[in-house]
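Trainee: Taking numbering that gives the first Met the number 0, the leading residue of the sequence shown gets 0, the next gets one more, and so forth.
Even for Gly, the Cβ is constructed at its ideal location relative to N, Cα and C.
Given the structure is predicted, the values throughout are model-derived calculations rather than measurements.
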Amino acid sequence: MWYKPYGQTGHQVSVIGFGGMRFPQPQDPQAMADLVRYAHDRGINYFDTAPIYCDDKSEEIMGRAFQGMPRDSFYCSSKCGSARGDELRQSLERSLRRLGLETIDFYHIWCLLHPRQLQERIEGGAIAAAVQAKEQGLIRHLVVSTHLPGDEIAKVLASGYFEGMTLGYNALNFPFRSEGVAAAQRLGLGVVTMNPLGGGMIPRNAERLAFLMGPGDRSVTEAALRFNVSQPGITVALVGFAERREIDQAVAVVDGFTAYPPAHIDRLKSRVRDSFNGFCTGCGYCLPCPSEVEIPKFMDSYNQSILDGTGILQWLKGHWNLGPADAAACTQCGHCEDSCTQHLPIRDRLAQIAALTEKP
0 MWYKPYGQTG HQVSVIGFGG MRFPQPQDPQ AMADLVRYAH DRGINYFDTA
50 PIYCDDKSEE IMGRAFQGMP RDSFYCSSKC GSARGDELRQ SLERSLRRLG
100 LETIDFYHIW CLLHPRQLQE RIEGGAIAAA VQAKEQGLIR HLVVSTHLPG
150 DEIAKVLASG YFEGMTLGYN ALNFPFRSEG VAAAQRLGLG VVTMNPLGGG
200 MIPRNAERLA FLMGPGDRSV TEAALRFNVS QPGITVALVG FAERREIDQA
250 VAVVDGFTAY PPAHIDRLKS RVRDSFNGFC TGCGYCLPCP SEVEIPKFMD
300 SYNQSILDGT GILQWLKGHW NLGPADAAAC TQCGHCEDSC TQHLPIRDRL
350 AQIAALTEKP
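1. When DSSP labels each residue in this structure, what does Cys288 get in the three-state scheme?
2. Taking the alpha-carbon positions, what's the Val252 to Pro214 distance?
3. Determine the burial state of Ile51: buried for a count of at least 16 other Cβ atoms within 10 Å of its Cβ, exposed for fewer.
4. By Cβ distance below 6 Å, which residues in the same chain neighbour Thr330 in space, the five residues on each side in sequence not counted?
5. Measuring only from the beta carbon, is Ala170 closer than 7 Å to any heavy atom that is part of the ligand ADP?
6. With the cut-off set at 8 Å, would you say Arg88 and Ala128 are in Cβ contact?
7. Alpha carbon to alpha carbon, how far is Gly333 from Ala170?
8. From His263 to Asn172, what does the alpha carbon distance come to, in whole angstroms?
9. Give me the Cβ distance between Asn227 and Tyr160, rounded to the nearest whole Å; I'm assuming they're in contact under 8 Å.
10. Across the region 191-209 and the region 223-242, are there enough close Cβ pairs to call them in contact, namely three or more that are closer than 8 Å?
11. Give me, in chain order, the residues of the same chain whose beta-carbon lies closer than 8 Å to that of Thr234; leave out the 5 immediate sequence neighbours on both sides.
12. Do Thr102 and Leu141 have their beta-carbon atoms positioned less than 8 Å apart in this structure?
13. Inspect the beta-carbon positions of Ala38 and Ser77 and report whether they are closer than 8 Å.
14. Which runs of the alpha helix (DSSP H), 4 residues or longer, sit entirely within the region 77-146?
15. Could you compute how far the alpha carbon of Phe365 sits from the alpha carbon of Arg36?
16. Under the rule that 16 or more other beta-carbon atoms within 10 Å means buried, what is Asp299, buried or exposed?
17. Taking only the alpha-carbon atoms, compute the straight-line gap between Tyr301 and Pro174 and give it to the nearest angstrom.
18. Where does Leu211 sit, in a helix, a strand or coil, going by DSSP?
19. Kindly indicate which three-state DSSP category Val14 falls into: helix, strand or coil?
20. Report the residue from Pro295, Leu315, Ala32 whose alpha carbon sits nearest the alpha carbon of Ser338.
21. DSSP puts Val190 in a beta bridge; with which residues?
22. Measuring only the C-alpha atoms, how far is Gly322 from Asp273?
23. Which residue comes first and which comes last in the beta strand (DSSP E) that contains Ala241?
24. Suppose you measure from the CA of Ala30 to the CA of Ile60; what does that come to, to the nearest Å?
25. Once the 5 residues before and after Cys335 are set aside, which same chain residues still bring their CB inside 7 Å of it?
26. Thinking C-alpha only, which one of Ile108, Ala132, Asp55, Glu86 is nearest Leu98?
27. Between which two residues does the alpha helix (DSSP H) holding Phe65 run?
28. One question on the structure: do Ala32 and Arg63 come within less than 8 Å of each other, judged by their Cβ atoms?
29. Going by DSSP, which residues form a beta bridge with Phe46?
30. Would you kindly work out how many angstroms separate the C-alpha atoms of Glu146 and Leu117, rounded to a whole number?
31. Would you check if the region 13-27 and the region 201-214 touch, i.e. whether three or more CB-CB distances between them fall below 8 Å?
32. So, with DSSP's three-state summary, where would you put Pro4?
33. By Cβ distance, which residues of its chain are closer than 8 Å to Pro359, with the 5 residues on each side in sequence left out?
34. Could you give the DSSP three-state label for Ala236: helix, strand or coil?
35. My assumption, with CB atoms under 8 Å, is that Ile352 sits in contact with Ile311. Please give the rounded CB distance.
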C-alpha cells in the first residue's frame, strides 16, 4: 500500500480509503465488518463513515470491525451535518458509542452545499461545539465535507477552521473543483476524494475514456484511481467495496505504482476540459423534485449524449424507461438548480429533452 501524509497532522494514511456509504449487505453486519477487516489486512487504514449511511447501519458495521483492529493501526472519519451545537454534540456522542471509540480521528462539518452554510454552522454553534470536542479529546482533527465549486471551497478553507476536507473529485468533474484542491495544497491541508469513478460512469464508458490510461494501466478504472492519487494535492481516494476481490483490485492499483508525471496529468486535464465540460456527476442533491421528475436519470442520459453521441431518447428509454413526457412534468421552479452542486442548467436540459419527439 502507498501512504501519504494527511496535511500537517502527522498521520500517514493509505491513498485508497474504505468508503462506508454503500455496504452491499448492511443487514449482515458481521459479514460487512469482515470486509472492513480484510481491507485493513490489505493495508487500508483510512475508513470513512457517517450517520445515516446504509440505512443508519454504517457506523455500527465499522464499530464491529474496529473491535478486532489495534487502535493505532487505523483512522476513522465520521460527520455531522447539523448547524446547531447541541445537535452536533449529541450526534458525535452517538457516533462514538456506535463506533466503539474514545475519539474520532477526522470529524467533518458535513456537506456544505451553499456558501452561506459555513456561516450557518458558525452562528448555530456547530463549529464551536466541534472545537470544544477537539479540546476534550473526542475528536482529533476538525475537517469539512463539501460539494461547493472550487472558488467557494477556497473561501471555506481560508476560514482557518479545518485541517482537511473531503470532496467529490474525479477525472470528469475535476474542472469544477480543482481550485479548491489547489487551495488545500497551498494551505497544507489533507484532501480526501469521494466518487473517484464518477458514480460508475467512468468504467461504464471505458472505450470512450480510454485516453485516461497511462503506461502500465490495465483498465480505465485503474487509470481513474491513479488520476486522483497521482496528484500531489490529493491524499486519499475513497472507494466503496462490495467484496474482497474489489479490495484486492484497488490495492493492486497502487502497489508499486509511481505517480503519473505532471505532464501526463496536464494532458488528461486538457483533454477532459475540451471534451466533457458540463457533466452531471449524479450526486442527487437536485432531489426531491416537487414535481417528482427523476432528474438524475435525465441528466445521465444527457451525459451519454456528450460522451459518445448516443441519442438522449435512446439512452433514456433503454436504460431508464422514461421519455420526453416525463421531462415535460418539470414546472421550471428552479429548486433543482438551487441545490445543484455544479450549477448546471438543469431546467434548460429538461426542456430540451421534453421538446424531443419519440419515433413511433
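Mentor: In short, the structure shows the following:
1. coil
2. 12 Å
3. exposed
4. Ser290
5. For the structure depicted, the ligand ADP is absent and the ligand set is empty, with no information on it obtainable.
6. yes
7. 28 Å
8. 17 Å
9. Not confirmed; about 25 Å, so no contact.
10. yes
11. Lys3, Pro4, Tyr5, Gly6, Val12, Val14, Gly163, Gly189, Val190, Val191
12. no
13. no
14. 84-98, 115-122, 125-134
15. Because residue 365 is not part of the residues shown, which for the chain are 0 to 359, the question remains open.
16. buried
17. 19 Å
18. helix
19. coil
20. Pro295
21. Met164
22. 29 Å
23. Unbroken run through Ala241: none, as it is neither H nor E.
24. 9 Å
25. Cys285, Cys288, Ile294, Ile345
26. Asp55
27. 57-65
28. yes
29. Phe17, Cys75
30. At residue 146 the sequence reads His, which differs from the Glu that was named. Taking the straight line from one Cα to the other gives about 12 Å.
31. no
32. strand
33. At Pro359, the pLDDT of 43 sits below 50, so the modelled position is not reliable; the number obtained from the coordinates is stated separately. For Pro359, where only same-chain residues beyond five positions count, there are no Cβ hits under 8 Å.
34. strand
35. 6 Å
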